[in-house]
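A.B. asks: Numbering (the numbering used here), first residue to last: 62 to 573. Just so it is clear, CB atoms sit at the ideal spot from N, CA and C, and this is done for glycine as well.
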Amino acid sequence: MVPSYTDTRATFVFFLLYLVVSLYLLNNILLAAAYDAYKVQLVGQLQKFQTLKAYSVGKAFRLLASDPGAMKDKELQISKERWVQFVLHYYALFHHVRSERDRKYVGQKANSAFLHLDVDCSGRLSEDEFKSVLEVLSDPNIYIPTRPFPRASETCVGRRLLELFQDGIRLPCRSLTWRFVLDVVTFLELVAAAGQSILFVSPAMGGKFRDSPLRPWHGWFEVMTAITVFFVLEMSLRMLVLGPARFWYRSPHRNRFDFVSNAMLIIMEVAAYVYTSFHTKAPDYLVRTILVIHIMRSVCLAQRLKPLRYLVALVVRLLPLYSRLGMVLLSTFYIFATIGEPLFGGRLYKGNPQLEDSFFAASHYWALNFNDILSGFVTLFSIMIVNNWFVIAGACILVTTAYSAIFFICFFVIVNLIVLNILIALILESSQAVREELQGPIEEDLSLEDAQQMPGSREVLLQRMLMSEDHSKHRGSASQDLMKYTSEGQILVNGETTSAESESGSTDGSEK
């Protein structure tokens, strides 16, 4: 463009029109068309899945309701014994519940769910009630405990730790959740890391880097190590009294991030101390990496700030999407790199007379070639981000034929105009969905009155009951709410009307 513009300034109009028509008009039209086609495909798959799901659920219900006496008012129903057998087999198959202690725990959960779903006290479940339970059981975003608390939580110290982790710290004026306490320590860690970074940069020394504050046996390093030891000890105690499964699947993103970061920090800090004991000082890359991980842990504070909470929720929501489209990109890169290796391999080398006086040689792009698969991947990545891709394409055309342009045009259309456009469109749509989710109430923290106003409130309350822990304070809360909802404060017991509170009390007594 610049040489043409130097000769004739009117050529700017040509390039402006080309940019507007191709980039801002046709590209967006292609984006909409590609996404519409992709969305139609997704809708078709979803409809097929829902049809198969409805058929499978109906068939399962008819199999479970096939015992004698299952008919009531010309409607099939599931008996309590069949229901408990189904739940035990379900958890044994999908959650590997085998021991007698675990089966007893699951059986208690099944009995509790049956009791509060059986509104008319008929001793049987209807098809709608069965579907409600399966909606909760099959939801991958819901973690339902399948095993009781470890035996370590039954000791005196274990019970106190369990109460601390679940109920937090009780103060005279208010109660602090344990997650809030961890966030306070994380904030102090961020402040300490900031102070350590300021001394590391050493502005008083003219901006020269000084690694001594980052090394073992320095005061700042000792403070950061003490914080790491606190988090590792807290995480270990939580896993001990709650169990590995509850730690890993409850608040999975936060807990797994804590596990990985704490494991990396304790290993690296111990390695720094050991290295210092045998050498004069630990490597620069090691102590600097430790500081970076400490600063990265402040990501956990994003949930306290609404804009950052929205950003983190959007990234988490898009992770499965990124993984699927990443596999598509990887497959596309592999196919084109495999094709490019026999076409252009060994041709783009320094000293090739065909490349003399070319932009490729002037730019010293010799490393961007198709001599092997990995080099092909890097070259295709440079083309994907439109980083002087015409220089690479021009060099390949010079060493082969003009028909080589078809290779680069196909890659640009498939990757840049189709795959990346679908990714952008899905990000925009997911952004709206995440914003609505964050603006709505959190189902686990809903009050009974708020939950009843939501669509599918019965499933919400059932979810709360199945997700609730068997801690003494929380034992009857969710199930009691479900009973209140299903019968508006009154249920039938042996043909007589009684309050939900009294029935909940009798239920707790029977469980004990």
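Straight-line CA distance for Phe-421 to Ala-94?
C.D. replies: Here residue 421 refers to the residue found at position 360 of the sequence shown. Here residue 94 refers to the residue found at position 33 of the sequence shown. Going from the Cα of Phe-421 to the Cα of Ala-94 covers about 36 Å.
A.B. asks: For the alpha helix (DSSP H) holding Gly-455, just list the boundary residues, first then last.
C.D. replies: Within the sequence shown, residue 455 is the residue found at index 394, counting from 1. Unbroken alpha helix (DSSP H) run through Gly-455: 450-460.
A.B. asks: Taking only the alpha-carbon atoms, compute the straight-line gap between Asn-316 and Arg-123 and give it to the nearest angstrom.
C.D. replies: For this step, residue 316 is matched to residue 255 along the sequence shown. For this step, residue 123 is matched to residue 62 along the sequence shown. Going by the C-alpha atoms only, they are around 40 Å apart.
A.B. asks: Pull up the DSSP beta-bridge partners for Leu-186, would you.
C.D. replies: Here residue 186 corresponds to residue number 125 of the sequence shown, with the count starting at 1. Paired residue(s): Ile-139.
A.B. asks: Label Thr-471 either buried or exposed according to how many other C-beta atoms from any shown protein chain fall within 10 Å of its C-beta, with 16 as the threshold for buried.
C.D. replies: As a working note, residue 471 is residue 410 in the sequence shown. Correcting the residue type first, residue 471 is Cys in the shown sequence and not Thr. Exposed.
A.B. asks: Taking 8 Å as the cut-off, decide whether the C-beta atoms of Phe-469 and Asn-430 are in contact.
C.D. replies: Indexing the sequence shown from 1 puts residue 469 at position 408. Indexing the sequence shown from 1 puts residue 430 at position 369. Their beta carbons are not under 8 Å apart, which means Phe-469 does not touch Asn-430 by this criterion.
A.B. asks: Starting from the C-beta of Asn-482, find all residues in its chain whose C-beta is less than 6 Å away, skip the five residues before and the five after it, and write them out in chain order.
C.D. replies: The residue given as residue 482 occupies position 421 in the sequence shown. Here the set comprises Leu-92, Ala-95.
A.B. asks: What do you get for Tyr-166, buried or exposed, if any count of 16 or more other CB atoms within 10 angstroms of its CB means buried?
C.D. replies: Within the sequence shown, residue 166 is the residue found at index 105, counting from 1. It is buried - the Cβ of Tyr-166 has at least 16 other Cβ atoms within 10 Å.
A.B. asks: Could you tell me the boundaries of the alpha helix (DSSP H) in which Glu-402 lies?
C.D. replies: For the purposes of this step, residue 402 is taken as residue 341 along the sequence shown, with counting starting at 1. Run containing Glu-402: 367-405, per the alpha helix (DSSP H) assignment.
A.B. asks: Could you spell out where the alpha helix (DSSP H) holding His-45 opens and where it closes?
C.D. replies: Because residue 45 is not part of the residues shown, which for the chain are 62 to 573, the question remains open.
A.B. asks: Counting only beta-carbon separations shorter than 8 Å, does Gln-102 have a partner in chain D?
C.D. replies: Of the protein chains in the structure, only one exists, and it is not chain D.
A.B. asks: Using the Cα positions of Ala-115 and Tyr-346, report the straight-line distance between them to the nearest angstrom.
C.D. replies: Translated into positions along the sequence shown, residue 115 becomes position 54. Translated into positions along the sequence shown, residue 346 becomes position 285. Going from the Cα of Ala-115 to the Cα of Tyr-346 covers about 56 Å.
A.B. asks: Out of curiosity, what's the CA-to-CA distance linking Arg-536 and Ser-173?
C.D. replies: Reading the sequence shown from its first residue, position 475 is the one you call residue 536. Reading the sequence shown from its first residue, position 112 is the one you call residue 173. With a pLDDT of 40 at Arg-536, under the threshold of 50, the modelled position of this residue cannot be trusted, and the question is left open.
A.B. asks: Measure the Cβ-Cβ separation of Gln-138 and Leu-186 and say whether it is below 8 Å.
C.D. replies: Reading the sequence shown from its first residue, position 77 is the one you call residue 138. Reading the sequence shown from its first residue, position 125 is the one you call residue 186. Yes, these two residues count as a Cβ contact at 8 Å.
A.B. asks: Starting from the N-terminal side, write out each stretch of the alpha helix (DSSP H) that is 4 residues or longer and does not extend beyond the stretch 194-276.
C.D. replies: Taking only runs of at least 4 residues, the alpha helix (DSSP H) segments lying wholly in the stretch 194-276 are 217-228, 239-262.
A.B. asks: In chain order, what residues of the same chain have a beta carbon less than 6 Å from the beta carbon of Tyr-336, not counting five sequence neighbours either side?
C.D. replies: Translated into positions along the sequence shown, residue 336 becomes position 275. Excluding residues within five positions, the ones whose Cβ falls inside 6 Å are Ala-343.
A.B. asks: I'd like the span of the alpha helix (DSSP H) that includes Val-331, first residue to last.
C.D. replies: Here residue 331 corresponds to residue number 270 of the sequence shown, with the count starting at 1. Unbroken alpha helix (DSSP H) run through Val-331: 313-339.
A.B. asks: Given that a residue counts as buried once 16 or more other Cβ atoms are within 10 Å of its Cβ, and exposed if not, what is Pro-274?
C.D. replies: Position 213 of the sequence shown, counted from the first residue, corresponds to residue 274. Pro-274 is buried by the Cβ-count criterion.
A.B. asks: Taking C-beta to C-beta, are His-355 and Ala-287 nearer than 8 Å?
C.D. replies: Counted from its first residue, the sequence shown places residue 355 at position 294. Counted from its first residue, the sequence shown places residue 287 at position 226. Cβ distance not < 8 Å, so His-355 and Ala-287 don't count as in contact.
A.B. asks: Please tell me whether Thr-207 and Cys-361 are closer than 8 Å, where the distance is taken between their beta carbons.
C.D. replies: Translated into positions along the sequence shown, residue 207 becomes position 146. Translated into positions along the sequence shown, residue 361 becomes position 300. For Thr-207 and Cys-361, no; Cβs fall outside 8 Å.
A.B. asks: Leaving aside the five residues before and after Glu-188 along the sequence, list all residues of the same chain whose C-beta is less than 6 Å from its C-beta, in chain order.
C.D. replies: Within the sequence shown, the letter at position 127 stands for residue 188. Phe-122.
A.B. asks: Candidates Tyr-334, Tyr-464, Asn-88: which alpha carbon is nearest Glu-283's?
C.D. replies: Taking the first residue of the sequence shown as position 1, residue 283 is located at position 222. The residue with the shortest Cα to Cα distance from Glu-283 is Tyr-334.
A.B. asks: Are Phe-320 and Met-285 closer than 8 Å when you measure CB to CB?
C.D. replies: For the purposes of this step, residue 320 is taken as residue 259 along the sequence shown, with counting starting at 1. For the purposes of this step, residue 285 is taken as residue 224 along the sequence shown, with counting starting at 1. The answer is no: Cβ separation not under 8 Å.
A.B. asks: Could you tell me the alpha carbon to alpha carbon distance between Trp-427 and Val-101, rounded to whole angstroms?
C.D. replies: As a first step, residue 427 must be located in the sequence shown, where it is residue number 366. As a first step, residue 101 must be located in the sequence shown, where it is residue number 40. So the alpha carbons of these two residues sit roughly 44 Å apart.
A.B. asks: Would you kindly report the start and end of the unbroken alpha helix (DSSP H) that includes Phe-420?
C.D. replies: As a first step, residue 420 is located in the sequence shown; it is residue number 359 there, counting from the start. Element bounds for Phe-420: 420-423.
A.B. asks: Can you have a look at Ala-423 and say buried or exposed, based on whether 16 or more other CB atoms are within 10 angstroms of its CB?
C.D. replies: Numbered from its first residue, the sequence shown carries residue 423 at position 362. Classification of Ala-423: exposed, given that the 10 Å Cβ count is below 16.
A.B. asks: With Gln-257 and Leu-352 assumed to form a contact (beta carbons below 8 Å), what rounded beta-carbon distance in angstroms separates them?
C.D. replies: Position 196 of the sequence shown holds residue 257. Position 291 of the sequence shown holds residue 352. About 6 Å; that satisfies the 8 Å criterion.
A.B. asks: Which residues bound the alpha helix (DSSP H) around Val-447?
C.D. replies: Taking the first residue of the sequence shown as position 1, residue 447 is located at position 386. No alpha helix (DSSP H) holds Val-447; DSSP gives it neither H nor E.
A.B. asks: Within the present structure, is the beta-carbon of Gln-146 separated from the nearest heavy atom of the ligand ATP by less than 7 Å?
C.D. replies: Because no ligand of any kind appears in the structure shown, any question about the ligand ATP cannot be addressed here.
A.B. asks: Let me know if Pro-313 comes out buried or exposed under the rule of 16 or more other beta-carbons within 10 Å of its beta-carbon.
C.D. replies: Taking the first residue of the sequence shown as 1, we reach residue 313 at position 252. Result: exposed.
A.B. asks: Where does Ser-65 land, buried or exposed, given buried means 16+ other C-beta within 10 angstroms?
C.D. replies: For the purposes of this step, residue 65 is taken as the residue at position 4 of the sequence shown. Exposed, since its Cβ has fewer than 16 Cβ neighbours within 10 Å.
A.B. asks: Please state whether DSSP places Trp-278 in a helix, a strand or coil.
C.D. replies: Here the question's residue 278 lines up with position 217 in the sequence shown. Looking at Trp-278 - three-state DSSP - the assignment turns out to be coil, as it is neither helix nor strand.
A.B. asks: Between the C-alpha atoms of Gly-168 and Val-145, what's the straight-line distance to the nearest angstrom?
C.D. replies: For the purposes of this step, residue 168 is identified with residue 107 of the sequence shown, where counting begins at 1. For the purposes of this step, residue 145 is identified with residue 84 of the sequence shown, where counting begins at 1. Gly-168 and Val-145: Cα-Cα distance of roughly 6 Å.
A.B. asks: Confirm, please, whether the CB-CB distance from Leu-390 to Val-480 is below 8 Å.
C.D. replies: By one-based count along the sequence shown, residue 480 stands at place 419. By one-based count along the sequence shown, residue 390 stands at place 329. Yes.
A.B. asks: Taking the alpha-carbon of Val-293 as reference, which of Ala-456, Asn-323, Arg-307, Val-302 has the nearest alpha-carbon?
C.D. replies: Locating residue 293 in the sequence shown gives position 232, counting from the first residue. Of the candidates Ala-456, Asn-323, Arg-307, Val-302, the one whose C-alpha sits nearest the C-alpha of Val-293 is Asn-323.
A.B. asks: Which of the three DSSP states, helix, strand or coil, is assigned to Pro-344?
C.D. replies: Against the sequence shown, residue 344 aligns to sequence position 283. If DSSP states are grouped into helix, strand and coil, Pro-344 belongs with coil.
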